[in-house]
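Per my numbering, the very first residue in the sequence shown carries number 1239; after that it's consecutive. C-beta: ideal position from N, C-alpha, C; glycine also.
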Amino acid sequence: MDKRTDTMPKQVEVRMHESHLEPIDTPDKPVCGSICQKMCKNLLLTLTVLGVILGAVSGMLLRYISPLPPDVIMVIAFPGDILMRMLKMLILPLIISSLITGLAGLDAKSSGRLGTRAMVYYMSTTVIAAVLGVILVLAIHPGNPKLKEKLGKGAQNDEVSSLDAFFDLIRNLFPENLVQACFQQIQTVTKKVEVQPDEKEVNGTMEDFLLNTTLPTPEPQYIVKKTLQFKSGMNVLGLIGFFIAFGICMGKMGEKARLMLDFFNILNEIVMRLVIMIMWYSPFGIACLICGKIISIKDLETVARQLGMYMVTVIVGLIIHGAIFLPLIYFVIVRKNPFTFFMGIFQAWITALGTASSAGTLPVTFRCLEENLGIDKRVTRFVLPVGATINMDGTALYEAVAAIFIAQMNGIVLDAGQIVTVSLTATLASVGAASIPSAGLVTMLLILTAVGLPTQDISLLVAVDWLLDRFRTSVNVVGDSYGAGIVYHLSKAELDTLDAQLGRSDDIEMTKTQSYYDDLKNHHENNSNQCVYAAHNSVVVDECKVTLGTNGSTAEYTLVEEEPWKRE
């Protein structure tokens, strides 16, 4: 018979009958009902937005009441402090579990390409943010020497060396004690030590003493000594570096590390469930956090008038970078609607706006990208922890604006070389900034020292840093999220190929196991119909089954009876 007759599809007769069912007219839902349905569907997001608005409005209203006692302000801000503590509590287990589980699912080549793409994106967007800040501050020119007279003189800050800061960054990348890195990081501290006079100078001759009686006492001389000290705060960079290496090595071990991988997968699942519980508390905590901060600011109206143009420059730059440049980069590379992507991470953005911490928002960002947008967990678990530590677009823009603003306020005109230095230093300093609130003020010392600007003027900007810190942190989180989407798009084909290879290897293992099981079955049918046990009483087993030993060895077998015992 021809092969075509075997493969020809069978003809099936389909008879259509007239239906007596009438179509059901679905009434159009009212607009209000549709809006309410969407709000209920996104109840957590709605409550978070209302919490931000309620906290800001209540804080502004309470400022017009007679000055509140410090204890009352502390009570108002207390729920917000609890929220920050809970979010920071989850940072360590989340970073550990996410990095290990993400990298263990990749081979060394894939993880290297993933990291390269992420680093190129991070450095590119950070440079763009710093250059944008320089252009805006030069165009708007918010600084004025008359403003310095109104603000007064700032407090003196310790000198910071760029070389010391760079070495501290490298030292923290390689912590000597992994447990200590969970709560401390190393820092170079400079101290002025008085130089003791030489013994020969003290024991001078009487003649010299009589000659020098009329001369003034020489001023004490000091030398600068540098020491390494540990300061409180999680060494996020060192932990990330160690667990990246840990995850890559564990991924190379294959099935030997399966038990360890299952442990960290379960740990990650537990942490994410805790995140969901905390997120339902976050609207109330964010409202209290913002309200307490607004109430505690002294002379808010005066500061807003004096530093208004400086705040406008920073906020306009952050809006341009976060709402135009980052979505444009995403659209050019991914060719998808960036604003649809932004709606998926809106919960993370509003949380960053309230908490002012990229690391604290990290659990929420994970959930938004993985559940709302369907980003591969291997990408998010590797890209987001690294991005929350080194990708600081908002911080780079803020530091560039602040440095040139201080120069304008002191009447100092920066040349082209100094402006380029500000841009590069702002980029590098933002990479070294820890993902904790107000870290930008610390790294500002590096930029001002690099171009020779007065460091004491940094304290003049502290009054408005609480607000700008929230805006730049939200831009940092948006940049991390867009970066995860871009890296996922560029790596999707590679990840699919890796999944296919893993699937084929699993099929091969299944085939080998099935073939081996068939051989055992044939062996059982041919050789194990009768089994005689020479025990205390001789027993004959009619039928028995040959199975694989519990230790997985191919050389040992276990005889298991299937029929009742029969005595002779």
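- Bounds of the alpha helix (DSSP H) holding L1288 are 1281-1301.
- Rounded to whole angstroms, the separation of the alpha carbons of G1485 and I1338 is 4 Å.
- Secondary structure of F1468 (DSSP, three-state): strand.
- DSSP lists K1463 as the beta-bridge partner residues of K1429.
- For N1382, the closest C-alpha among the options M1647, V1427, I1583 is that of M1647.
- The beta carbons of T1618 and A1722 sit about 5 Å from each other, so the pair counts as a contact at 8 Å.
- In the three-state reduction of the DSSP assignment, I1424 falls in the strand class.
- If you look at A1356, you'll find it in the alpha helix (DSSP H) that goes 1346-1378.
- Listed in chain order, the non-local C-beta contacts of I1628 below 7 Å within the same chain comprise Y1360, V1669, local neighbours out to five positions each way being set aside.
- Per DSSP, reduced to three states, the secondary structure at I1613 is coil, with no helix or strand assignment.
- I1583 and A1738 have their alpha carbons spaced roughly 30 Å apart.
- The continuous alpha helix (DSSP H) containing Q1585 extends over residues 1584-1593.
- Cβ contact annotation for S1296 (same chain, cutoff 7 Å, sequence separation greater than five): C1529, in chain order.
- Closest option to T1286, judged by alpha-carbon separation, among T1633, L1527, A1645: L1527.
- Between the alpha carbons of I1558 and F1577 lies a distance of about 14 Å.
- Per the C-alpha coordinates, the member of V1725, T1599, A1626 positioned closest to I1571 is V1725.
- Here F1604 has L1332, S1336, M1510, V1513, T1618, R1619, L1622 as same chain residues with Cβ atoms under 8 Å from its own Cβ, once five neighbours each way along the sequence are excluded.
- Two segments are said to touch when three or more pairs of C-beta atoms, one from each, lie closer than 8 Å; by this definition the region 1542-1550 touches the region 1693-1711.
- Counting every other CB atom within 10 Å of its CB across the protein chains shown gives S1470 a total below 16, marking it as exposed.
- About 14 Å separates the CB atoms of L1635 and A1377; that is not less than 8 Å, and the two are not in contact.
- Around T1665, the same chain offers T1364, V1365, A1368, A1634 as residues with beta carbons nearer than 6 Å, after the five sequence neighbours per side are excluded.
- Per DSSP, A1640 is one residue of the alpha helix (DSSP H) stretching across 1631-1647.
- A Cβ-Cβ distance of about 20 Å is found for the pair L1306 and G1523, leaving them out of contact under the 8 Å criterion.
- Here the alpha carbons of I1533 and S1304 stand approximately 11 Å from one another.
- Of all alpha-carbon atoms in L1416, K1384, V1375, I1373, the one lying nearest the alpha-carbon of G1476 is that of L1416.
- Nearest neighbour of G1343 by Cα position, chosen from A1356, F1709, G1489, turns out to be G1489.
- By the neighbour-count definition (other C-beta atoms within 10 Å, threshold 16), M1312 is an exposed residue.
- Between the C-alpha atoms of T1428 and E1732 there is a straight-line separation of about 49 Å.
- When rounded, the separation of the alpha-carbon atoms in G1479 and T1681 is 21 Å.
- Annotation: the continuous alpha helix (DSSP H) that includes V1570 extends over 1564-1572.
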